[in-house]
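Taken in sequence, the protein lines are chains A, B, C and D.
Counting from 1, one number per residue, gives the positions in the first sequence under our numbering.
Counting from 205, one number per residue, gives the positions in the second sequence under our numbering.
Counting from 409, one number per residue, gives the positions in the third sequence under our numbering.
Counting from 613, one number per residue, gives the positions in the fourth sequence under our numbering.
Number of protein chains: 4
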Amino acid sequence: MTEPDKRRRILDAAVKVFAQYGFYNSKVSQVAKEAGVADGTIYLYFKNKEDILIQVFIDSMDEILRRQEEAQEGLEDPVEKLRVFAETHFLSVAESRALAEVITVELRQSSKFMRSTDMKPFGRYLGMIAKIIEEGQDAGAFTRTLSPRLTARAIFGAIDELALEWAMGKRQSSLSDTCAHTTELFLTGLQTRPTSTPSSGGKP
Amino acid sequence: MTEPDKRRRILDAAVKVFAQYGFYNSKVSQVAKEAGVADGTIYLYFKNKEDILIQVFIDSMDEILRRQEEAQEGLEDPVEKLRVFAETHFLSVAESRALAEVITVELRQSSKFMRSTDMKPFGRYLGMIAKIIEEGQDAGAFTRTLSPRLTARAIFGAIDELALEWAMGKRQSSLSDTCAHTTELFLTGLQTRPTSTPSSGGKP
Amino acid sequence: MTEPDKRRRILDAAVKVFAQYGFYNSKVSQVAKEAGVADGTIYLYFKNKEDILIQVFIDSMDEILRRQEEAQEGLEDPVEKLRVFAETHFLSVAESRALAEVITVELRQSSKFMRSTDMKPFGRYLGMIAKIIEEGQDAGAFTRTLSPRLTARAIFGAIDELALEWAMGKRQSSLSDTCAHTTELFLTGLQTRPTSTPSSGGKP
Amino acid sequence: MTEPDKRRRILDAAVKVFAQYGFYNSKVSQVAKEAGVADGTIYLYFKNKEDILIQVFIDSMDEILRRQEEAQEGLEDPVEKLRVFAETHFLSVAESRALAEVITVELRQSSKFMRSTDMKPFGRYLGMIAKIIEEGQDAGAFTRTLSPRLTARAIFGAIDELALEWAMGKRQSSLSDTCAHTTELFLTGLQTRPTSTPSSGGKP
DNA sequence: TATGAATGAGGTTTCATTCAT
DNA sequence: TATGAATGAAACCTCATTCAT
């Protein structure tokens, strides 16, 4: 009765601890102490240590997905959509460096056993990018030569790598700079060069 | 009796085991058995379990770097250089899926303590990409609007993500397709728009 | 369920096991089994195996010191004091042969690393003897030719050696005999012989 | 052909290493390195690690016994004999602090398993003291109230404790002082009171 | 005799998980 | 629900010993 959302507190503590020590070097008791609960209490909310990581991931992905969907609302231009998507991803990362670390680093490690688990949220995340690309292709804004799925994955890889560098390293460039960079690189690669041919041509 | 390079055998075994179970879920005794040596023998060649991972990384990076340098020999065109770089990366990954997994997945996990270690090889790898970009910019082939360092990182992220997907997943697309995809996306983004040089077009 | 002092139980078990097998040949699991606890439980009460030995020592010394102080209460005569001290030491040893072995034998072995630890109790023990000697010298009962500190040490060595022999060997002599022996040897050597000549003399 | 007495070199190395680290914390390889031989070579001269300690002990005791016997040669007065015995013990210890440590410290530790082994040398050492006392008693120089065996043990304990203190600690007193101290304490306790005797003299 | 690389048994210690309260 | 003392399985690593050369 005292604690409204103990589960939440444990998840937040886990993100903090996992980010600092890495999943395998974190102790359940550390998470418990950080959350201000007893060791045993954790097992009232989670099946085991691994389950905490999974829930952290699912919860975080849900939140990020929610933000992305919110951010996309009302947007029409595929180029704009992609730009906003990248921006939102960076903002999410910037907001919680710890979360970024856990998601990008710890998650890969665990991906082996996670493949068996519910990885849908990540699939949906990639799906969002792919859908934007497809729409762009349909609208004639993006070149049809690139596979939406593969490109989505490539874009995610690039964004994620930079976000990781930004999150973990001594950020030399500002977040928005880094973000702008990434998008420019991709967008140019994606866009049909309407200008290219015609403009160039333009022989009246 | 004719054990020429026991160290090598252990490293190879480690890659195999780490790739399958993940570093933290692998037991030293598994590696020993896979290598066909006694548990204790491992400690004649490596300081501890972690050291095995580090050596795997260093050795592999050295090998990949060597290949990349060899592949770049004689190339002049920046676009060609980048294309070849990506290809070589994919080929290396394709050759040893296990190695790819260990490098991309396990390594991140360990990056916390590894930052303190000799990560030079990875820096050199990124450096190669950055240098290619710089040369391209100097030659007027690549746009100057993008920072070589950040772009190198983004490109690596994309390549690596796809390589990982290819290595771990049920490869739906062929290796060369995936490879071609990535490069096209980037190269287009990087290249100065020949069109932009409507000059080329030239309306006289 | 009714485990009042698990720490105590472990210490007692340790004394027993260490005495029988020697510290370095004892396994923590043996101590655990003897104490009726799980292996891991030991580490809730002690830092490590070595720490058990140190605590055994400190606890035992505290107890012996307590007894000695109690036994000395109300005594005035230095000779009597020394005699009682020896008696009490023997009695303590007699009470727990195992404890004697651990303290006298195992402790020396560990003295190297223990010098850095809290050896105060032992110093206090020697100090008690030295103080008795000093008081005896001040009272004119003991010769001033002997250094209290060195003599204390010598006396301890003798008492301890006999206690050890008694504790470990096939005791051929009774405890009280052995005890009486030691004290007589020392006390005679310590006492000033004022009386000796004259009194005996009685030249007619 | 090169090494005349490899066995000797190993024993000397062992004394050095055991004294510094203690028997159980010493590694056979350390002894080998200190002796300048290969690990395996040690097993050509000794059955196992424990055997090295035993041989060190036996050899050292033999040497000390030889010295004592040599020192006792020509002596007649029991008091003088005991004094010389103590002096010789201290001198032996002084000569090789390491040896003293090994004998007094490590040996006790190992006494459990050594009881089954040939401990004769130590028995002979105690026997020497006991014999001197007996002779003194027979000659009327020492009181008959003390058991030679127990007294010998007590004396050894005292001498050894002081030698140990002297060997391990920061020697505050000179060796000869410490030595003189011990003997005075004992001799006085042992001697029949020349004074007391006059009474014996007579009254005819 | 001498070597030293290889062995592999086994101990200390950790830590996820349980369960009596 | 909550606790946290207790559990005990299991892993890393050491190191005495062997044996092919």
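Idealized CB from N, CA, C, for every residue including glycine.
Every value quoted in this text rests on a predicted model; they were computed, and no experiment measured them.
Could you tell me the alpha carbon to alpha carbon distance between residue i and residue j, rounded to whole angstroms?
| i | j | result |
| --- | --- | --- |
| LYS528 of chain C | ILE537 of chain C | 15 Å |
| ALA100 of chain A | GLY648 of chain D | 56 Å |
| ARG9 of chain A | ILE262 of chain B | 40 Å |
| SER230 of chain B | ALA217 of chain B | 11 Å |
| ILE246 of chain B | LYS220 of chain B | 15 Å |
| ILE616 of chain C | ASP413 of chain C | Because chain C is modelled from 409 through 612, residue 616 of chain C falls outside the range shown and cannot be assessed. |
| ALA141 of chain A | GLY22 of chain A | 42 Å |
| ASP243 of chain B | SER378 of chain B | 40 Å |
| GLN438 of chain C | GLN428 of chain C | 11 Å |
| LEU554 of chain C | HIS793 of chain D | 7 Å |
| GLU63 of chain A | GLU291 of chain B | 37 Å |
| PRO352 of chain B | LYS335 of chain B | 7 Å |
| GLU796 of chain D | ALA766 of chain D | 14 Å |
| SER449 of chain B | ARG415 of chain C | With chain B covering 205 to 408 only, the question about residue 449 of chain B has no answer from this structure. |
| GLY127 of chain A | ARG270 of chain B | 37 Å |
| LYS489 of chain C | GLN667 of chain D | 43 Å |
| ILE541 of chain C | PRO486 of chain C | 7 Å |
| LYS253 of chain B | LEU91 of chain A | 37 Å |
Using the beta-carbon of each residue, which ones in chain C are nearer than 7 Å to residue i?
| i | result |
| --- | --- |
| ARG765 of chain D | GLU569, LEU570, GLU573 |
| LEU762 of chain D | LEU570, SER581, THR586, HIS589 |
| TYR636 of chain D | TYR432 |
Going by DSSP in three states, residue i sits in which element: helix, strand or coil?
| i | result |
| --- | --- |
| THR392 of chain B | helix |
| PHE754 of chain D | strand |
| VAL241 of chain B | coil |
| GLU681 of chain D | helix |
| ASN48 of chain A | coil |
| LYS231 of chain B | coil |
| GLY278 of chain B | coil |
| SER60 of chain A | helix |
| SER604 of chain C | Because SER604 of chain C sits at a pLDDT of 39, beneath the cut-off of 50, its placement in the model cannot be relied upon, and the point is left open. |
| SER786 of chain D | coil |
So is residue i buried or exposed if we call it buried at 16+ other beta carbons inside 10 Å?
| i | result |
| --- | --- |
| THR672 of chain D | According to the sequence provided, residue 672 of chain D is Ser. The question's Thr does not apply to it. It is buried - the Cβ of SER672 of chain D has at least 16 other Cβ atoms within 10 Å. |
| GLY748 of chain D | buried |
| LEU187 of chain A | buried |
| GLU277 of chain B | exposed |
| ALA764 of chain D | buried |
| ARG491 of chain C | buried |
| LYS455 of chain C | exposed |
| ALA343 of chain B | exposed |
| GLU365 of chain B | buried |
| SER380 of chain B | exposed |
| GLU273 of chain B | exposed |
| LEU419 of chain C | buried |
| GLU76 of chain A | exposed |
| GLY735 of chain D | exposed |
| LEU776 of chain D | buried |
| LEU354 of chain B | buried |
Measuring from the CB of residue i, is there a heavy atom of the ligand PLP at a distance below 7 Å?
| i | result |
| --- | --- |
| ILE256 of chain B | Inclusion of the ligand PLP in the displayed structure is not the case, the ligand content being empty and no account of it being possible. |
From which residue to which residue does the alpha helix (DSSP H) around residue i run?
| i | result |
| --- | --- |
| VAL510 of chain C | Run containing VAL510 of chain C: none; DSSP gives neither H nor E here. |
| ASP12 of chain A | 6 to 21 |
| GLU87 of chain A | 78 to 95 |
Which chain A residues sit within Cβ distance under 7 Å of residue i?
| i | result |
| --- | --- |
| TYR249 of chain B | Near TYR249 of chain B there are no residues of chain A at all, since even the closest Cβ is about 24 Å away, more than 7 Å. |
Can you list the residues of chain D that residue i reaches, using a CB-CB cut of under 7 Å?
| i | result |
| --- | --- |
| GLY565 of chain C | GLY769, ALA770, ASP772, GLU773, LEU774 |
| SER555 of chain C | HIS793 |
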